[in-house]
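Undergrad: Protein chains in written order, with the working numbering: chain A, 6 to 247; chain B, 6 to 247; chain C, 6 to 247; chain D, 6 to 247.
Sharing a structure here in structure tokens format.
Protein chains: 4
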Amino acid sequence: MGKILITGNNKKFIVKDIDKDIHTNFGMISSEDIKKAAPGDIIKSNKGIEFSVSESLFIDMYAKIKRGAQIIPQKDIGLIITEAGLGKDSVVIEAGAGSGALGCFLAKICKEVYSYEIREDFYKIVQKNISFLELDNIILKNKDAKLGFDETNADAVILDLSDPWELIDVSKKSLKVGGFLISYSPTIPQVMDFVDKLDESFVYIKTSEIIERNWEVNKRKVRPKSQAIGHSGFLSFARRIK
Amino acid sequence: MGKILITGNNKKFIVKDIDKDIHTNFGMISSEDIKKAAPGDIIKSNKGIEFSVSESLFIDMYAKIKRGAQIIPQKDIGLIITEAGLGKDSVVIEAGAGSGALGCFLAKICKEVYSYEIREDFYKIVQKNISFLELDNIILKNKDAKLGFDETNADAVILDLSDPWELIDVSKKSLKVGGFLISYSPTIPQVMDFVDKLDESFVYIKTSEIIERNWEVNKRKVRPKSQAIGHSGFLSFARRIK
Amino acid sequence: MGKILITGNNKKFIVKDIDKDIHTNFGMISSEDIKKAAPGDIIKSNKGIEFSVSESLFIDMYAKIKRGAQIIPQKDIGLIITEAGLGKDSVVIEAGAGSGALGCFLAKICKEVYSYEIREDFYKIVQKNISFLELDNIILKNKDAKLGFDETNADAVILDLSDPWELIDVSKKSLKVGGFLISYSPTIPQVMDFVDKLDESFVYIKTSEIIERNWEVNKRKVRPKSQAIGHSGFLSFARRIK
Amino acid sequence: MGKILITGNNKKFIVKDIDKDIHTNFGMISSEDIKKAAPGDIIKSNKGIEFSVSESLFIDMYAKIKRGAQIIPQKDIGLIITEAGLGKDSVVIEAGAGSGALGCFLAKICKEVYSYEIREDFYKIVQKNISFLELDNIILKNKDAKLGFDETNADAVILDLSDPWELIDVSKKSLKVGGFLISYSPTIPQVMDFVDKLDESFVYIKTSEIIERNWEVNKRKVRPKSQAIGHSGFLSFARRIK
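Below you can see the structure in the form of structure tokens.
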């Protein structure tokens with residue numbers, strides 16, 4: 006078992022150092038107890054609160070990554086993966102990495118991820134997140150993607166930048182014929198400028214937004230939740246054909 | 006290059022047999038021309054219509070799979086992947102396979118997929134789709150999943166059945182501690198019954214629906230499309246902790 | 006009782022001439038039977054199909070108006086009424102009338118509606134609809150609203166035009182202090198141009214879209230309908246304060 | 006001019022007593038200045054902040070009503086009005102009144118509103134709101150609507166109760182043939198029970214929800230707002246035909 010996850014009172018704690026006790030609002034969980042526990046076991050804090058022990062999955066670690074820039078929500082990452090058909094043999098380039106939330110998730114799915122981030126402060130956050138998630142197939146570069154990507158023949162180039170239209174030409178050079186150019190932007194004028202500037206090399210242009218509606222399901226209290234996220238961003242997809 | 010994709014006039018044609026001409030509404034594309042073409046080349050039909058040649062990606066083949074049962078749309082598959090954090094080392098069980106759209110997509114993402122389908126007619130469709138997509142890590146079984154899954158320690162069990170609550174117990178036995186039980190249902194009473202019957206082994210219960218809104222983006226004509234899909238299904242997620 | 010509504014087999018028929026039989030796909034309903042019937046009575050067609058008789062409400066007639074131009078859906082008319090607080094003492098100006106769907110509905114709600122339509126073909130359709138609905142408080146004008154409205158001190162001016170920003174100045178002159186300028190546009194660039202050109206006389210600027218989601222509710226088959234309307238238009242509201 | 010509205014710094018103040026100064030976070034506005042002002046005038050607080058003066062419209066007063074119970078949002082009131090075609094000659098019954106937000110709005114639109122509220126604390130709030138809005142065509146009753154409505158031949162009966170199915174029979178007696186029975190409920194099981202219990206007297210049964218999506222429109226920052234209301238309630242409509 007790799008990292009250990011301790012769950013109780015609707016809170017999760019990842020055990021970073023098995024030799025240290027974990028201090029929670031619900032009491033202290035001793036290192037000794039954690040060491041003896043197997044997945045599925047219940048252990049108690051010194052306040053008598055029950056915690057269950059399990060293997061920490063990727064998604065548990067992922068939820069704890071550092072966030073410098075606004076991250077792309079999972080609902081949107083989901084559409085990127087399924088619209089472009091990304092999988093184990095895919096090679097993907099992204100710019101800018103931001104906090105690395107997209108790049109790190111794709112590294113868990115794809116063969117290789119090449120990630121460009123011009124800002125050094127963000128670059129360092131992504132570095133930490135890659136290391137925290139123990140990913141070995143994401144190559145992070147503190148470079149200006151507008152000057153061009155070093156890689157070619159990518160299955161997808163994904164842009165999360167304020168001016169994605171400035172990278173259409175360099176992206177085309179790095180995409181395989183048939184590959185996907187994908188842009189994520191919060192505003193409509195960005196979408197308009199990006200789509201307007203796609204030349205005739207690109208076809209199957211599509212813009213979507215994903216709305217995730219969470220439901221409360223508790224006996225007869227079954228209804229969409231009152232609280233909702235109104236918007237994250239629009240996703241535009243285009244394929245390089247010529 | 007594996008399969009070849011011929012694209013023109015907003016239509017796609019996958020070359021199944023390179024020794025045969027392709028007949029389209031836009032004229033005939035000769036086998037000879039296809040054989041000589043490299044990705045990115047433009048070839049013409051005998052009616053003079055231009056087609057571009059590219060490598061066929063997974064998603065091109067995926068779009069052509071046979072559909073017997075209603076399939077889970079890509080927007081929903083996306084949330085399954087990103088909510089459960091599925092990736093290259095994930096082992097997933099699904100029941101029932103239906104047309105295999107979910108299972109085949111996950112096979113491209115995950116280490117292993119075990120797929121159960123009780124109906125023989127659907128089972129045969131999934132077989133054909135697995136073979137068409139050349140997948141080697143999806144194990145398909147023509148079995149009643151209610152009698153139990155053969156596998157244990159799965160990262161996720163995904164149910165696409167009319168009575169998913171009947172499989173909660175067998176799913177629990179096959180899930181690793183921390184693993185995800187996921188149910189996809191079109192109606193609210195199914196969601197209610199499923200969630201109601203989850204026992205205290207399951208925590209972090211969440212029900213969502215994904216709405217994909219497609220936009221028209223064409224110069225000043227920028228607006229959500231008039232045509233829309235109103236609903237596919239609800240996704241419920243729960244984690245086996247105890 | 007005014008107009009009579011005959012309902013059966015999920016179809017509605019408004020009796021236009023009580024001296025004539027009504028011919029339907031479910032048989033003929035005789036004038037004689039209709040004349041004898043009171044609201045709530047059941048009468049039969051000559052094929053033995055049952056029809057119920059009721060008074061025809063405004064909404065039954067409204068559903069039958071002629072449509073030349075695309076009409077504003079009821080969900081959107083609803084927000085116009087409730088956002089601006091329109092009621093029995095409101096005076097409203099609209100341009101352009103289109104088919105008159107908005108104007109005619111508002112005439113049922115408001116004290117007076119002044120309706121401008123530059124196109125003669127649309128003007129004639131609106132005339133017919135006003136007469137069909139027997140409305141006497143909507144004043145229709147076949148005029149170019151850009152040249153100015155004849156009325157002043159309106160509670161609301163509602164624009165349903167391709168270039169609503171061209172009418173901001175004339176609208177301001179006709180609005181009471183505190184009155185609402187409302188624009189309905191299908192595309193985002195129209196919304197942007199309209200809002201951008203509102204000068205500092207206008208405050209409380211708000212843009213919304215209304216999504217109506219229809220549900221199927223039939224025993225356990227309870228779910229949003231698969232078919233949906235993706236989009237009609239955006240509504241922008243502003244109040245003239247200075 | 007009736008009530009006066011003072012607007013500045015994106016805040017609104019209704020002048021309740023013209024003989025008193027108004028104290029705001031942006032300084033004091035003197036009674037003397039307000040008395041001299043005409044609609045459209047600009048007056049200054051003692052801190053030099055500019056305020057504009059206008060007639061207070063119904064919607065300004067409506068925004069200030071007291072709220073005891075959860076109120077039906079304007080987007081939903083809009084659909085009630087437009088789906089049922091309510092207008093100047095409509096007679097409407099509602100139970101329970103709650104804070105009176107629906108009833109008071111409909112009183113501004115309809116001929117007569119009969120409003121039932123069993124809880125005395127809510128009844129008193131509605132009384133205050135009716136008086137505050139100076140409405141004279143809403144008749145409020147502190148009665149249990151389950152025992153029956155005193156009125157008959159209504160165009161619509163609107164239910165905002167936890168168990169609307171208990172009022173189907175009394176509603177039927179009070180509805181004109183062709184009239185609308187409308188129920189507003191936050192949860193799906195309520196919708197299911199209500200629709201299930203509608204007998205064959207009711208046709209054209211329809212359930213909808215209204216989602217209002219607010220947009221930020223500010224130069225190039227044009228996007229749905231991040232903050233959103235996820236859900237208020239479902240509206241079910243049925244017409245009494247037999």
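Beta carbons are placed, not taken as given, at the ideal position from N, Cα and C, and that holds for glycine.
(1) Could you name the residues of the same chain whose beta carbon sits closer than 7 angstroms to that of N147 of chain B, not counting the 5 residues immediately before and after it, in chain order?
(2) Going along chain B in order, which residues have a C-beta closer than 9 angstroms to the C-beta of A233 of chain C?
(3) With a threshold of 8 angstroms on Cβ separation, who are the neighbours of N142 of chain C within its own chain once the five nearest residues in sequence on each side are excluded?
(4) Residues of chain B with CB under 7 angstroms from R228 of chain C, in chain order?
(5) Hey, which unbroken runs of the alpha helix (DSSP H) at 4 residues or more fall wholly within the segment 154-194 of chain C?
(6) 8 angstroms is my cut-off, CB to CB: does A150 of chain D come that close to chain E?
(7) Under 8 angstroms, Cβ to Cβ, is there at least one residue of chain C near S72 of chain D?
(8) Report buried or exposed for I39 of chain C, applying the criterion of at least 16 other Cβ atoms within 10 angstroms of its Cβ.
(9) Would you mind reading off the limits of the alpha helix (DSSP H) that contains G32 of chain B?
(10) Can you name the start and end residues of the beta strand (DSSP E) that E99 of chain C belongs to?
(11) Compare the Cα-Cα distances from S188 of chain A to each of A:K178, A:S167 and A:D149 and report the closest residue.
(12) So, for E99 of chain A: in the same chain, excluding its five sequence neighbours on each side, which residues have a beta-carbon less than 8 angstroms away from its beta-carbon?
(13) Using 8 angstroms as the threshold, is the C-beta distance between I173 of chain C and L203 of chain C below it?
(14) Helix or strand or just coil, what does DSSP make of G13 of chain D?
(15) Where P194 of chain D and K247 of chain A are concerned, what is the direct C-alpha to C-alpha distance, given to the nearest angstrom?
(16) Alpha carbon to alpha carbon, how far is F56 of chain B from I48 of chain B?
(17) Beta carbons nearer than 9 angstroms to chain D: which residues of the segment 86-97 of chain C have them?
(18) Just confirm the distance between the C-beta atoms of I216 of chain D and R218 of chain C, as a whole number of angstroms; I'd bet it's less than 8 angstroms.
(19) Would you decide whether Q79 of chain A is buried or exposed? Buried here means 16 or more other CB atoms lie within 10 Å of its CB.
(20) Going along the chain, which residues of its own chain have a beta-carbon closer than 8 angstroms to the beta-carbon of I23 of chain A, five neighbours each way excluded?
(21) Find the residues of chain D that neighbour R225 of chain A, judging by a C-beta separation of less than 7 angstroms, and give them in chain order.
(22) Count Cβ pairs between the segment 148-162 of chain B and the segment 84-96 of chain B that sit closer than 8 angstroms; are there 3 or more?
(23) With a threshold of 8 angstroms between beta-carbons, can T212 of chain D be considered close to chain C, or not?
(24) Pick helix, strand or coil for S136 of chain A, following the three-state DSSP scheme.
(25) Using the beta-carbon count (16 or more within 10 Å), is L84 of chain D buried or exposed?
(26) Can you grab the Cα-Cα spacing for the pair M6 of chain D / E60 of chain D, in whole Å?
(27) W170 of chain A CB to nearest chain B CB: under 8 angstroms?
(28) Out of D:T192, D:P229 and D:V196, which has the shortest C-alpha to C-alpha gap to S237 of chain D?
(29) To be precise: take each residue of the segment 22-52 of chain C, compare its Cβ to all Cβ atoms of chain D, and keep it if any distance is under 8 angstroms. Which residues remain?
(30) Taking 8 angstroms as the threshold (C-beta atoms), are D65 of chain C and K17 of chain C in contact?
(31) Among all the DSSP beta bridges, which residues are the ones paired with T212 of chain D?
(32) Does any residue of chain B bring its CB to less than 8 angstroms from the CB of I173 of chain A?
(33) Between the Cα of I230 of chain C and the Cα atoms of D:S241, D:T212, D:A243 and D:L240, which residue gives the shortest distance?
(34) Looking only at its chain, what residues have a beta carbon closer than 6 angstroms to the beta carbon of S104 of chain D, apart from the 5 residues adjacent to it on each side?
(35) Go ahead and label S136 of chain B buried or exposed: buried means 16 or more other beta carbons lie within 10 angstroms of its beta carbon, across all protein chains shown.
TA: The structure says:
(1) Short of 7 angstroms from the beta carbon of N147 of chain B, and not among the five residues preceding or following it, lie these beta carbons of its own chain, in chain order: E122, E125 and Y128.
(2) Q232, A233, I234, G235 and H236
(3) A112, C115, K116, E117 and V118
(4) The answer, in chain order, is P191, T192, I193 and H236.
(5) 173-179
(6) Although the question refers to chain E, the structure presented lacks it and instead comprises the protein chains A, B, C and D.
(7) Just to set this straight, residue 72 of chain D is Arg in the shown sequence, not Ser. No, R72 of chain D lies away from the interface with chain C (no Cβ there is under 8 angstroms from its Cβ).
(8) buried
(9) Careful: G32 of chain B lies outside any alpha helix (DSSP H), inside the beta strand (DSSP E) at G32 to I34.
(10) First-last of the beta strand (DSSP E) with E99 of chain C: V96 to A100.
(11) Among A:K178, A:S167 and A:D149, the Cα nearest to that of S188 of chain A is on A:S167.
(12) L107, G108, L111, V118, Y119, S120, Y121, V162, I163, L164 and D165
(13) Yes; because the gap between Cβ atoms is below 8 angstroms, this pair is in contact.
(14) strand
(15) 54 angstroms
(16) 5 angstroms
(17) I86, T87, E88, A89, G90, L91, G92, K93, D94 and S95
(18) 6 angstroms
(19) Under the 10 Å beta carbon count, Q79 of chain A is surrounded by 16 or more other beta carbons and is classified as buried.
(20) I9, S36, I39 and K40
(21) T192 and P194
(22) yes
(23) yes
(24) helix
(25) Around the Cβ of L84 of chain D, a 10 Å sphere holds 16 or more other Cβ atoms; the residue is buried.
(26) Bear in mind that the predicted position of M6 of chain D carries a pLDDT of just 47, short of 50, making it too unreliable to give a figure here.
(27) no
(28) D:T192
(29) P44, G45 and I47
(30) yes
(31) As computed with DSSP, T212 of chain D is found in a beta bridge with C:W220 and D:S241.
(32) no
(33) Looking at the sequence provided, one finds Lys at residue 230 of chain C rather than Ile. Closest by alpha carbon: D:T212.
(34) Within the same chain, and ignoring the five residues on either side of S104 of chain D in sequence, the residues whose Cβ sits closer than 6 angstroms to its Cβ are R72, G73, A74, I76 and I130.
(35) exposed
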